[in-house]
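This report concerns only the one structure given below.
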DNA sequence: TTGTATGCGTTATCAG
DNA sequence: CTGATAACGCATACAA
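Written as structure tokens, this is what we have:
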């Protein structure tokens, strides 16, 4: 069993420096309010005792934990993990720790509000659009607990958000393929519980119609954002008897699965079928063929969302209106697409 | 600015249920010590008030935060992110939250001990072998703060650890290639600050010698565990004028870079050069060619390390001796390797 | 079985 | 500029 060694408290420091605890506290939080000499003495005492502030006591007193709660559907996924990395970095710069929740259980809203109410975290960074609207609102929103939704559009427009325009981005993908001469275009969409999925699908359909292209039901198949489902989607298309000349996958992992499925069916990419992904995860540029994809500024999404949340927590945001930051996405053309004919 | 709504305290519940705060506390922590009827009334009051326990107060009182601190070099990396996912899940099952630290700054030891001493976390899960031994010891270790090191070997044998045998695994890789007829084998190693890197390199060298194979210096090149460095390593080999028939990369991402570099040089994998990776990240089986790699049980590493840490924290571990759990790794043979000749 | 009193370590208020 | 004091919300020793 661990030997419980005595952790020095502010009182120990005070004793050591021959001042009151209040003075020590002041040296730590607002040094300018303490005289040069006492400050020096206190700082020395802090060093000598090896004192570190007790956050539990501080949180209790200040009603703030200097901790953010980050909720994502799956931190193991490279897409989210990049964002998590950015959030941790940004939060750290502002003196905040990050508590990470992944794959919330049966009652995510309850779980999240417990976390927030319990004073373990000061605010919530939500990277999961699949949460129940109604309860989400009274959990956070305009006048509730600090909450910023990012990446996936929050079902409730009253919450602050940081996003790209998924619908418009999907339209640009279709335009790009159309410009390459493709007329028969398929789409592998993602989990429909994510609003961004639906936006991409909607963008796909909208632009197809706008260009006068036919949407073939057999070529529009749902996936679940992993490689296996991309592979499965292609198998379905193959089974249907005829293939599109281009496939737009709603994320890069499904695009990888699609390319693999194509090869399995004796088709080449981009020779026979062009493939476009979404997100631009690290491996996209190293896959063979290197994947053409819609780049999402994930680092920026994580950073900006974190900064916004901290501003809200610290009351720097005077505006009542929720902020909706829209970031730019950009198509990165690589080798998985080619001009038709 | 957010309207601060009144968060109910244990007092509010007590008032509502017409009992003392102590009774409410008891209902929450040891219900069996309270009479049926009062308990019912209190439970009802909890529901009515929407009470959630204040963790800050509880932590202060109990000297425990029910929170684990997880430190990894780069959470954005798919290898670590899988582990993180497992840790979060396991910790959650035991009622612990997980605070994640990534890319610690200049003085990681200081940073970590601050976190632990400040009562924000009860123990540390260390997935980074690059930390300074000496200070690590007085930070945690046998009789210090609860600490479990995983994945990378801790420099200090006094700390609990959960690992695979990297050296032995590397030897098996070489044996496998040798069995395929390869005699000219190269190695792309990783960051030398990681002990596991050095173990893999050592295993490579040991087995090469044991098999009477020549270690060609131009074919043993260091990388930094990302795809770019795998590509760079191959470029160096190519520049040296002659190539091995097989390359063992210390992780899958470098293996991907290696394969890409090979192709860039007009060489095929596995036609001209066989490639073996390490870790078995998700994309390994979907790459083209599917990558032969040493599978590390990352989920198990994360889970077992977490369980061990919690046991230590809760004092279930009576043994003074540090535990060293050694997990099995397994070579997964796919398409990036082939029999020579 | 339940209530009362106390203290965990900190910061803020208010005197001096 | 500094010190004494109270309060943050909870869990427990002790009393009833």
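Residue numbers (my numbering), protein chains in the order written: chain A, -14 to 326; chain B, -14 to 326. All residues carry an ideal CB built from backbone N, CA and C; glycine is no exception. None of the values given here were measured: they were computed from a predicted structure.
Exercise. Any idea what DSSP makes of residue 127 of chain B, helix, strand or coil?
Worked result: Confidence in residue 127 of chain B is poor, its pLDDT being 39 and thus under 50, which makes the residue's placement unreliable; the coordinate value appears in the next sentence. Residue 127 of chain B: coil per DSSP, three-state reduction.
Exercise. How about residue 271 of chain B: is its C-beta nearer than 7 Å to some C-beta of chain A?
Worked result: yes
Exercise. Do you know offhand how far residue 349 of chain A's Cα is from residue 86 of chain B's?
Worked result: In the structure as shown, chain A starts at -14 and stops at 326, and residue 349 of chain A therefore has no counterpart that could be examined.
For this session: Might you give, ordered along the chain, the residues of its own chain that have their beta carbon closer than 7 Å to the beta carbon of residue 105 of chain B, omitting 5 neighbours on each side?
Result: 50, 52, 84
Problem set entry | Pairwise C-alpha distance: residue 244 of chain A and residue 308 of chain A | 39 Å
For this session: Can you have a look at residue 227 of chain B and say buried or exposed, based on whether 16 or more other CB atoms are within 10 angstroms of its CB?
Result: exposed
Exercise. Do the stretch 308 to 319 of chain B and the stretch 138 to 155 of chain B meet, that is, are 3 or more Cβ pairs less than 8 Å apart?
Worked result: yes
For this session: Determine the direct distance from the alpha carbon of residue 40 of chain B to that of residue -3 of chain A, and round the result to whole angstroms.
Result: 25 Å
For this session: Determine the direct distance from the alpha carbon of residue 233 of chain B to that of residue 214 of chain B, and round the result to whole angstroms.
Result: C-alpha separation (whole angstroms): 14 Å.
For this session: Please go through the same chain and pick out, in chain order, the residues whose beta-carbon is closer than 7 Å to the beta-carbon of residue 12 of chain A, but skip the five residues on each side of it.
Result: These residues qualify, in order along the chain: 19, 24, 27, 28.
Exercise. Counting contacts by CB-CB distance shorter than 7 Å, is residue 125 of chain B in contact with chain A?
Worked result: Any reading at residue 125 of chain B needs caution, since the residue's pLDDT is 48, under 50, leaving its predicted position unreliable; the model's value is listed next. With a threshold of 7 Å between beta carbons, residue 125 of chain B makes no contact with chain A.
For this session: Starting from residue 189 of chain B, trace the alpha helix (DSSP H) both ways and give me its first and last residue.
Result: First-last of the alpha helix (DSSP H) with residue 189 of chain B: 180 to 195.
For this session: Taking all protein chains shown into account, decide if residue 118 of chain B is buried (16 or more other Cβ within 10 angstroms of its Cβ) or exposed.
Result: Only weak support exists for where residue 118 of chain B lies, its pLDDT of 48 falling under 50; the value from the coordinates is given anyway. The residue is exposed, with fewer than 16 neighbouring Cβ atoms inside 10 Å.
Problem set entry | Inter-residue spacing [alpha-carbon to alpha-carbon] between residue 181 of chain B and residue 249 of chain B | One C-alpha to the other measures close to 30 Å.
Exercise. Looking at the structure shown, is residue 237 of chain B part of a helix, part of a strand, or coil, going by DSSP?
Worked result: helix
Exercise. Going along the stretch 218 to 229 of chain A in order, which residues come within less than 8 Å of chain B, judged by CB to CB distance?
Worked result: Result list empty, no residue passes.
Exercise. Would you say residue 154 of chain A reaches chain B, if we count a Cβ-Cβ gap shorter than 7 Å as a contact?
Worked result: no
For this session: Return the chain-ordered ranges of every alpha helix (DSSP H) run that is complete within the stretch 19 to 97 of chain B and spans a minimum of 4 residues.
Result: 21 to 34, 40 to 47, 63 to 78
Problem set entry | Collapsed DSSP secondary structure at residue 212 of chain A in the structure displayed | helix
Exercise. According to the Cβ coordinates, are residue 344 of chain A and residue 56 of chain A closer than 7 Å?
Worked result: With chain A represented from -14 up to 326, any question about residue 344 of chain A goes unanswered, as that position is not in the structure.
Exercise. Between which two residues does the alpha helix (DSSP H) carrying residue -3 of chain A extend?
Worked result: -5 to 2
Exercise. By the criterion of Cβ-Cβ separation under 7 Å, what are the contact partners of residue 239 of chain B in chain A?
Worked result: Listed along chain A is no residue with a C-beta nearer than 7 Å to that of residue 239 of chain B; the closest approach is about 11 Å.
Problem set entry | Among B/79, B/33, B/167, nearest to residue 324 of chain B - alpha-carbon criterion | Of the candidates B/79, B/33, B/167, the one whose C-alpha sits nearest the C-alpha of residue 324 of chain B is B/167.
Problem set entry | Same chain, Cβ closer than 7 Å to residue 220 of chain B, neighbours up to 5 away in sequence not counted | 246
Exercise. Mind checking if residue 69 of chain B is an interface residue toward chain A, Cβ cutoff 7 Å exclusive?
Worked result: Yes, contact with chain A.
For this session: For residue 259 of chain B, return the contacting residues in chain A, with the cut-off set at a CB-CB distance below 7 Å.
Result: Going along chain A, no residue has its Cβ under 7 Å from residue 259 of chain B, so there is no contact; the nearest lies around 17 Å.
Problem set entry | Amino acids of chain B, ordered along the chain, whose beta-carbon sits closer than 8 Å to that of residue 179 of chain A | Those within 8 Å of residue 179 of chain A in chain B number zero; the least Cβ separation is about 18 Å.
Exercise. Considering only the beta carbon of each residue, do residue 101 of chain A and residue 45 of chain B sit closer than 7 Å?
Worked result: no
For this session: For residue 9 of chain B, count neighbouring C-beta atoms within 10 Å of its own C-beta (all shown protein chains included) and say buried if the count is 16 or more, exposed if not.
Result: Counting Cβ neighbours within 10 Å, residue 9 of chain B comes out buried, since at least 16 surround it.
For this session: Under the assumption that residue 170 of chain A contacts residue 198 of chain A (Cβ atoms under 8 Å), give the Cβ distance between them as a whole number of angstroms.
Result: About 7 Å separates the two Cβ atoms, so the contact holds.
Exercise. Can you find a CB in chain B that lies within less than 7 Å of the CB of residue 118 of chain A?
Worked result: Confidence at residue 118 of chain A is low in this model, with a pLDDT of 48, below 50, so its placement is unreliable and the value that follows should be read with caution. Closer than 7 Å: no.
Exercise. Between residue 207 of chain A and the rest of its own chain, which residues show a CB-CB distance below 6 Å, the 5 nearest in sequence each way excluded?
Worked result: 174
For this session: Report the residue from B/185, B/288, B/54, B/67 whose alpha carbon sits nearest the alpha carbon of residue 265 of chain B.
Result: B/67
Problem set entry | Helix, strand or coil at residue 315 of chain B according to DSSP, with G and I counted as helix | strand
Exercise. Among residues of its own chain, excluding the 5 on either side of residue 194 of chain B, which ones have a beta-carbon nearer than 8 Å to its beta-carbon?
Worked result: 200
Exercise. For residue 179 of chain A, which of A/137, A/158, A/143 has the nearest alpha-carbon?
Worked result: A/137
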